[in-house]
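I have placed the structure first, in the form of C-alpha cells, so that the comments after it can refer back to it.
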Amino acid sequence: MLEPDPAITLVRLNAFNGATPRALAWPAHSDELVFAAGAAVVAMRADGSGTQRFFLGHTAHVVALAFDGEGALMATAQEGKQAVVRVWAFHSGQCVAVLNGACARGARRLALRCLCLAVWATTP
Numbered sequence: 737m738l739e740p741d742p743a744i745t746l747v748r749l750n751a752f753n754g755a756t757p758r759a760l761a762w763p764a765h766s767d768e769l770v771f772a773a774g775a776a777v778v779a780m781r782a783d784g785s786g787t788q789r790f791f792l793g794h795t796a797h798v799v800a801l802a803f804d805g806e807g808a809l810m811a812t813a814q815e816g817k818q819a820v821v822r823v824w825a826f827h828s829g830q831c832v833a834v835l836n837g838a839c840a841r842g843a844r845r846l847a848l849r850c851l852c853l854a855v856w857a858t859t860p
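Shown next, in the form of C-alpha cells:
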C-alpha cells in the first residue's frame, strides 16, 4: 500500500468535451453543474469559485446521467462490456445502489423519477 493513503488527492478535472451531451446536467435546487469526465462524474459550483466534488466508482466512460425531480438522487451509466448504472445520494456523494449486467448494458439515456429508474439501451 502506498503511504500516505490516499497517495494522491484529486483537486480539479477539466475534461468535458461535449461528445456525450446526456452526461451534462444542472440538478434542481442546486448551484452545481454536473458533467462526466471519463469514468468520473464532477459536480462544479457555478458561483465562480470552481469548487468541484467528485463521484468516483465507474471503471469506464460515463455516457449518461440523470436526476430525480428534487435533485436528491443522481443516476450515472457507464459504457462497455462491464456496463454499470450507479445511483448516488447527490448531496452526500454516497453511492446507494449499483445495477450490473443486462439492465445496464448499452445504457445511453437515463430518467430518474421518484424511486423509479428507467434505462434506454441502444444496440451497436
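Read left to right, the sequence shown gives residues 737 to 860 (this note's numbering). Using N, Cα and C, we set each Cβ at its ideal position, and we do this for glycine too. Everything numeric in this text was worked out from a predicted model, so none of it was measured.
request  = Could you work out which residue in Arg822, Gly786, Arg789 is closest to Ala802 when comparing CA atoms only?
outcome  = Here residue 802 refers to the residue found at position 66 of the sequence shown. The shortest C-alpha separation from Ala802 is found at Arg822.
Own chain, CB closer than 6 Å to Ser766, minus 5 neighbours either side, in chain order = Residue numbering aside, residue 766 sits at position 30 when the sequence shown is read from its first letter. Gly807.
query = Taking just the CA atoms, how far does Glu815 sit from Asp783?
reply = Numbered from its first residue, the sequence shown carries residue 783 at position 47. Numbered from its first residue, the sequence shown carries residue 815 at position 79. Cα to Cα, Asp783 sits roughly 31 Å from Glu815.
ask   = Taking the continuous beta strand (DSSP E) assigned at Glu768, which residues delimit it?
value = Walking along the sequence shown from the start, residue 768 turns up at place 32. Taken as a continuous stretch (DSSP letters only), the beta strand (DSSP E) holding Glu768 covers 768–773.
ask   = If we call anything under 7 Å between Cβ atoms a contact, is Ala800 one with Ala813?
value = Working through the sequence shown from its first residue, we reach residue 800 at position 64. Working through the sequence shown from its first residue, we reach residue 813 at position 77. Yes, these two residues count as a Cβ contact at 7 Å.
inquiry  = Beta-carbon within less than 6 Å of Leu769's beta-carbon, same chain only, minus the 5 sequence neighbours each way: which residues are those?
reply    = On the sequence shown, residue 769 is found 33 positions in, with the first residue counted as 1. Hits under 6 Å: Trp762, Met780, Ala782.
Among His794, Arg758, Gln830, Ser785, the one whose alpha carbon lies nearest that of Val747 = On the sequence shown, residue 747 is found 11 positions in, with the first residue counted as 1. Ranking His794, Arg758, Gln830, Ser785 by Cα distance to Val747 puts Ser785 first.
message = On the DSSP letters alone, give me the boundaries of the beta strand (DSSP E) that Trp824 sits inside.
response = For the purposes of this step, residue 824 is taken as the residue at position 88 of the sequence shown. Per DSSP, Trp824 belongs to the beta strand (DSSP E) from 820–825.
ask   = If you draw a straight line from the C-alpha of Ser828 to the C-alpha of Phe791, how long is it?
value = On the sequence shown, residue 828 is found 92 positions in, with the first residue counted as 1. On the sequence shown, residue 791 is found 55 positions in, with the first residue counted as 1. Taking C-alpha positions only, Ser828 is separated from Phe791 by approximately 10 Å.
query = Which residues in the same chain have their Cβ closer than 8 Å to the Cβ of His794, if we skip the five residues on either side of it in sequence?
reply = Counting from 1 along the sequence shown, the entry for residue 794 is found at position 58. Excluding sequence neighbours, His794 sits near Ala775, Ala776, Val777, Thr812, Gln814, Val820, Arg822.
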